[in-house]
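**Student:** Take this structure, written in structure tokens, and hold onto it; I'll ask about it next.
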Amino acid sequence: MSKIEYTSVQGKSPAYFGLLGTLGLFILAGLLAAYYMEHHGHHVTGMTNQIVWGLPHVFAIFLIVSASGALNVASIASVFSKKIYEPMARLSALLAVSLLAGGLVVLLLDLGRPDRLIIAMTHYNFKSIFAWNIILYSGFFVFVGAYLWTMMDHTVYGYKKYAGFFAFIWRLILTTGTGAIFGFLVARSTYDAAILAPMFVIMSFAYGLAIFILLLMATYKWTNMELGDAVLRRLRSLLGVFVAAVMYFTIVFHLTNIYETQHHGAEKFILLEGGIYTTVFWIGEIIIGGILPLLMIFAPGLKDNRNSLGLISAMVILGGLSKVYVTVIGGQAYPLEIFPGYEVSSSFYDGMTYSYSPSLPEFLLGLGGVAVALFLVVFALKALKFLPMSLSDKAVDPHAK
Amino acid sequence: MKKSENTTDTTATNASRRDFLAKAAVVGTVTIAPGVLLHQAARAATAEVEVEVVEVIELDAEPDKNTSRSTRPLDQEVSDKNRWGMLIDTNKCARGCTSCVDACNEANGLEGKTGPQDTQYIRKVTLKSKSTGHETSLPLMCQHCESAPCVDVCPTGASFIRADGIALVDRHICIGCRYCMMACPYKARSFVHEDIKNQKLSAPRGKGTVEACNLCVTRVDHGGLPACVEACTAENHNAMIFGDLKDPNSPISIELRKYGGKQLRSDLALNTGVRYQGLNE
Numbered sequence: 002m003s004k005i006e007y008t009s010v011q012g013k014s015p016a017y018f019g020l021l022g023t024l025g026l027f028i029l030a031g032l033l034a035a036y037y038m039e040h041h042g043h044h045v046t047g048m049t050n051q052i053v054w055g056l057p058h059v060f061a062i063f064l065i066v067s068a069s070g071a072l073n074v075a076s077i078a079s080v081f082s083k084k085i086y087e088p089m090a091r092l093s094a095l096l097a098v099s100l101l102a103g104g105l106v107v108l109l110l111d112l113g114r115p116d117r118l119i120i121a122m123t124h125y126n127f128k129s130i131f132a133w134n135i136i137l138y139s140g141f142f143v144f145v146g147a148y149l150w151t152m153m154d155h156t157v158y159g160y161k162k163y164a165g166f167f168a169f170i171w172r173l174i175l176t177t178g179t180g181a182i183f184g185f186l187v188a189r190s191t192y193d194a195a196i197l198a199p200m201f202v203i204m205s206f207a208y209g210l211a212i213f214i215l216l217l218m219a220t221y222k223w224t225n226m227e228l229g230d231a232v233l234r235r236l237r238s239l240l241g242v243f244v245a246a247v248m249y250f251t252i253v254f255h256l257t258n259i260y261e262t263q264h265h266g267a268e269k270f271i272l273l274e275g276g277i278y279t280t281v282f283w284i285g286e287i288i289i290g291g292i293l294p295l296l297m298i299f300a301p302g303l304k305d306n307r308n309s310l311g312l313i314s315a316m317v318i319l320g321g322l323s324k325v326y327v328t329v330i331g332g333q334a335y336p337l338e339i340f341p342g343y344e345v346s347s348s349f350y351d352g353m354t355y356s357y358s359p360s361l362p363e364f365l366l367g368l369g370g371v372a373v374a375l376f377l378v379v380f381a382l383k384a385l386k387f388l389p390m391s392l393s394d395k396a397v398d399p400h401a402k
Numbered sequence: 109m110k111k112s113e114n115t116t117d118t119t120a121t122n123a124s125r126r127d128f129l130a131k132a133a134v135v136g137t138v139t140i141a142p143g144v145l146l147h148q149a150a151r152a153a154t155a156e157v158e159v160e161v162v163e164v165i166e167l168d169a170e171p172d173k174n175t176s177r178s179t180r181p182l183d184q185e186v187s188d189k190n191r192w193g194m195l196i197d198t199n200k201c202a203r204g205c206t207s208c209v210d211a212c213n214e215a216n217g218l219e220g221k222t223g224p225q226d227t228q229y230i231r232k233v234t235l236k237s238k239s240t241g242h243e244t245s246l247p248l249m250c251q252h253c254e255s256a257p258c259v260d261v262c263p264t265g266a267s268f269i270r271a272d273g274i275a276l277v278d279r280h281i282c283i284g285c286r287y288c289m290m291a292c293p294y295k296a297r298s299f300v301h302e303d304i305k306n307q308k309l310s311a312p313r314g315k316g317t318v319e320a321c322n323l324c325v326t327r328v329d330h331g332g333l334p335a336c337v338e339a340c341t342a343e344n345h346n347a348m349i350f351g352d353l354k355d356p357n358s359p360i361s362i363e364l365r366k367y368g369g370k371q372l373r374s375d376l377a378l379n380t381g382v383r384y385q386g387l388n389e
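Each protein sequence line maps, in turn, to chains G and S. 2 is the number of the first residue of the first sequence in our numbering; add one for each residue after it. 109 is the number of the first residue of the second sequence in our numbering; add one for each residue after it.
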């Protein structure tokens, strides 16, 4: 493979500014929503003392998990020396830090006291996995930032392999930490499982890659640059492996709960009796996010069909949001089992399924986070040279057929 | 003379004995009478009998078991010499009675609203055994665990256990992430969803932070009882005993030693400061 030439987008067209402007409006709406929630308190949201983490957390966790996975392409190039991924490493790392920034903005603005960010950065309880996550998120920016630097500055190019390796390890720890936020919740039978940590890692692989594929195809289409089938074929197969792995972990997680008597109630709730959560689980997580993408990815007739790959990626993202929704909201909606063997009732909603109706501000805040991530990418693509001039089959792999 | 004197002595002794027996009979009658009247009171339903019923309750009144209080001078640091806890006898907890809840609301300046976003430090829970149908009522609040999950998960250390075992939230460094609410096995914590008006000076609260039962820490520090315990005792239900778990002679320790007490979610091994009796299926 010859030397890779990188370029930036011109960014002078009305379409470019239209895109930035649209994303800017979403960011503004998100910020206004956050201000509204901060000013009036979480009273104006659908969150309660029963469902304490709502839609903003779904968006935040999805973005943070995806951020880690978006780095996959770069890691495969640098750590596992797969040459075909090499040209896309910069874009992969850019998307990773942007998604993380978007997710963190949502997480921060959903705090009861977002003005106390400095306290979160200066007071650490090292037994808290949440505190560790704050360090892991900050470290991710540092490591991936350094990695990008080694990729883009030829004076430090020699350190690229090391920077890529550390970023790879760091992001594995990061997503393990994100999964552990739920895995360590010993009191809730819908969580309390070590498998959640590796499941989050594999979820990150799938969701991050799906977002990367959409970004890649959109960018090369809108900039009229060449994107060959060889790259997309690889990414398509890789996505298939990751989606299958998510399904595997999901099955093992639920089978384990079905085996353990004390988790029967919670499992029955998610799989059969949870109303909206059961629907989102089967339709969103399993069918749209798992079975259909797998069938389409490995359908011979759709091998080089780009529209289908776009649709598959969108379905994986939708399925991912569904999975995070069922995990975060559905997991809380099932009542705590404080008194096993009893029917329980109280003024504090003990013993009953908790209901949650997300409010508009929550939704806008979540979308605002997505917009922040995309805005950063679109802006950076103009500011610096992230895009290889060509990803044609000939450019990436002279032997590709 | 001697004999006469002896006779006189004997007579005097007999008189004294008779006198004693007569007095004893009077005292005995006075002592037993209420008990006899109790028997009658149970059968009759006149106003006169009701008076007797009041007397009976007084006779049956339990000794005060809430004598274990803090004696620490306020200028002295809190130490781990004490561990404050509570023992709740569910057999004595009256169904439908909300004295403890009302007293808690009053003491902490809570409005007593019960919407899904409203704060409740303590609530009455009704349990019905799935196997026997037996119904139980009990108050549920922060269990003041020794190994508290809320403390473990709190990123900033705002959730903490005071040296004397009371679980507290430092509202100055709580960032409102609600992770402690996710972690609490007892759903004991509430998030302040909106601005708070008419706060009590002794119970500061803050929008955007998490709060829960603090065992009425200010009252305890001043040698008093948690408001819920005081109210339960005032209602003569005596279902709640407060005291020092580390003092082997405190009524709560004696009671626990004699009859035991159950920890909720004991499988989690959190060593709760609040224990329950009478939770039988």
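Note that beta-carbon positions come from the ideal geometry of N, C-alpha and C, so glycine has one too. Please read these numbers as outputs of a predicted model, since none were measured by experiment.
Can you tell me where the alpha helix (DSSP H) with G/Ile52 in it begins and where it stops?
**Tutor:** Element bounds for G/Ile52: n/a, residue is neither H nor E.
**Student:** Nearest by alpha-carbon distance to G/Ile130: which of S/Ala291, S/Thr326, S/Asn306, S/Asp303 is it?
**Tutor:** When each option's Cα is compared against that of G/Ile130, the closest is S/Ala291.
**Student:** Could you spell out where the alpha helix (DSSP H) holding G/Gly25 opens and where it closes?
**Tutor:** Run containing G/Gly25: 15 to 41, per the alpha helix (DSSP H) assignment.
**Student:** Residues of the region 335 to 349 of chain G in Cβ contact with chain S at a cutoff of 8 angstroms, in chain order, please.
**Tutor:** Residues passing the 8 angstroms Cβ filter: Leu337, Ile339, Phe340, Gly342, Tyr343, Glu344, Val345, Ser346, Ser347, Ser348, Phe349.
**Student:** Using a cut-off of 7 angstroms between C-beta atoms, extract the partners of S/Gln228 located in chain G.
**Tutor:** Neighbours of S/Gln228 on chain G, chain order: Ser348, Phe349.
**Student:** So, is the C-beta of S/Val144 closer than 8 angstroms to a C-beta in chain G?
**Tutor:** Residue confidence is low: S/Val144 scores 48 on pLDDT, short of 50, so the model does not pin down where it sits. Its coordinate-derived value is still stated next. For S/Val144, the answer is no, since every Cβ of chain G falls outside 8 angstroms of its Cβ.
**Student:** So does the region 245 to 257 of chain S actually touch the region 199 to 208 of chain S, counting three or more Cβ pairs closer than 8 angstroms?
**Tutor:** In short, these stretches touch, since the Cβ pair count reaches three.
**Student:** Following the continuous beta strand (DSSP E) through S/Lys232, name the residue where it begins and the one where it ends.
**Tutor:** Element bounds for S/Lys232: 231 to 237.
**Student:** Going residue by residue through the region 264 to 317 of chain S, where are the continuous beta strand (DSSP E) segments of at least 3 residues, counting only ones entirely within it?
**Tutor:** Runs found: 267 to 269, 275 to 277.
**Student:** Considering G/Val145, what are the terminal residues of the alpha helix (DSSP H) in which it resides?
**Tutor:** First-last of the alpha helix (DSSP H) with G/Val145: 130 to 153.
**Student:** For the beta strand (DSSP E) holding G/Phe380, just list the boundary residues, first then last.
**Tutor:** From DSSP, G/Phe380 is part of no beta strand (DSSP E) but of the alpha helix (DSSP H) over 361 to 384.
**Student:** Measure from the alpha carbon of G/Phe270 to the alpha carbon of each residue in G/Phe213, G/Glu39, G/Ala219, G/Thr328, then state which is nearest.
**Tutor:** Among G/Phe213, G/Glu39, G/Ala219, G/Thr328, the Cα nearest to that of G/Phe270 belongs to G/Thr328.
**Student:** Applying the 10 Å Cβ sphere with the 16-neighbour rule, what's the burial state of G/Leu217?
**Tutor:** Buried, since its Cβ has 16 or more Cβ neighbours within 10 Å.
**Student:** Which residue from G/Thr123, G/Ser314, G/His155, G/Lys161 puts its Cα closest to that of G/Phe144?
**Tutor:** Comparing Cα positions, the closest option is G/Lys161.
**Student:** For G/Asn50 and chain S, any beta-carbon pair shorter than 8 angstroms?
**Tutor:** For G/Asn50, the answer is yes, since a Cβ of chain S falls inside 8 angstroms of its Cβ.
**Student:** Taking the CB atoms as reference points, tell me whether G/Lys75 and G/Leu215 lie closer together than 8 angstroms.
**Tutor:** Reading off the sequence, residue 75 of chain G comes out as Ala, not Lys. Contact flag unset, no.
**Student:** Pick from G/Ala194, G/Phe169, G/Asp305, G/Pro301: whose alpha carbon is nearest that of G/Gly229?
**Tutor:** It is G/Asp305 whose Cα lies nearest to the Cα of G/Gly229.
**Student:** Would you mind giving the Cβ-Cβ distance between G/Gly369 and G/Ala30, rounded to the nearest angstrom? I have them listed as a contact below 8 angstroms.
**Tutor:** Indeed they touch by this definition, with Cβ atoms about 6 angstroms apart.
**Student:** Using only CA atoms, which one of G/Gly42, G/Ala102, G/Ala231 lies nearest to G/Ser391?
**Tutor:** Taking only the C-alpha atoms, the option nearest G/Ser391 is G/Ala231.
**Student:** For S/Ala155, collect the residues of the same chain with a Cβ closer than 7 angstroms to its Cβ; drop the 5 residues on either side in sequence, then sort them by chain order.
**Tutor:** Residue placement at S/Ala155 is flagged as unreliable, the pLDDT there being 44, under the threshold of 50; a coordinate-derived value is accordingly withheld.
**Student:** So that I know if they touch, is there some Cβ in chain S lying closer than 8 angstroms to that of G/Leu112?
**Tutor:** For G/Leu112, the answer is yes, since a Cβ of chain S falls inside 8 angstroms of its Cβ.
**Student:** Could you tell me if S/Lys173 is buried or exposed, where buried requires 16 or more neighbouring beta carbons within 10 angstroms of its beta carbon?
**Tutor:** Classification for S/Lys173: buried.
**Student:** Please state if the CB of S/Ser176 and the CB of S/Thr227 are separated by a distance shorter than 8 angstroms.
**Tutor:** Not in contact: S/Thr227 and S/Ser176 (Cβ atoms no closer than 8 angstroms).
**Student:** Count Cβ pairs between the region 86 to 102 of chain G and the region 119 to 129 of chain G that sit closer than 8 angstroms; are there 3 or more?
**Tutor:** Counting Cβ pairs under 8 angstroms, fewer than three are found: no touch.
**Student:** From the DSSP secondary-structure annotation, give me the bridge partner or partners of S/Met348.
**Tutor:** Answer by DSSP bridge pairing, in chain order: S/Ile196.
**Student:** If you compare alpha carbons, which of G/Phe364, G/Gly352, G/Lys383, G/Tyr158 is closest to G/Leu32?
**Tutor:** If we check each option's Cα against that of G/Leu32, G/Phe364 comes out closest.
**Student:** According to DSSP, S/Arg383 sits in a beta bridge with which residue or residues?
**Tutor:** Bridge partners of S/Arg383: S/Leu195.
**Student:** Would you be able to state if there are at least three C-beta pairs under 8 angstroms between the region 247 to 257 of chain G and the region 195 to 207 of chain G?
**Tutor:** The answer is yes - the region 247 to 257 of chain G touches the region 195 to 207 of chain G, with three or more Cβ pairs under 8 angstroms.
**Student:** For G/Val317, which of helix, strand or coil comes out of DSSP?
**Tutor:** G/Val317 falls in the helix class under three-state DSSP.
**Student:** By Cβ distance below 6 angstroms, which residues in the same chain neighbour S/Ser187 in space, the five residues on each side in sequence not counted?
**Tutor:** Hits under 6 angstroms: Ala271.
**Student:** If you measure between the beta carbons of G/Val373 and G/Val66, is that distance less than 8 angstroms?
**Tutor:** Contact flag unset, no.
**Student:** Going by CA-CA distance only, name the one from S/Glu185, S/Cys212, S/Ser374 that's closest to S/Val337.
**Tutor:** Among S/Glu185, S/Cys212, S/Ser374, the Cα nearest to that of S/Val337 is on S/Cys212.
**Student:** Quick one: Cα of S/Leu333 to Cα of S/Ile304, how far?
**Tutor:** S/Leu333 and S/Ile304: Cα-Cα distance of roughly 26 angstroms.
**Student:** Looking only at its own chain, which residues have a Cβ that is under 6 angstroms from the Cβ of G/Tyr335, when we skip the five neighbours before and after it?
**Tutor:** Answer for G/Tyr335: Thr191, Ala267, Phe270, listed in chain order.
**Student:** With 16 other CB atoms within 10 Å as the buried threshold, where does S/Asn346 fall?
**Tutor:** S/Asn346 is buried by the Cβ-count criterion.
**Student:** Compute the Euclidean distance between the alpha carbons of S/Asp278 and G/Ser82, then round it to the nearest angstrom.
**Tutor:** Taking the straight line joining both Cα atoms gives about 50 angstroms.
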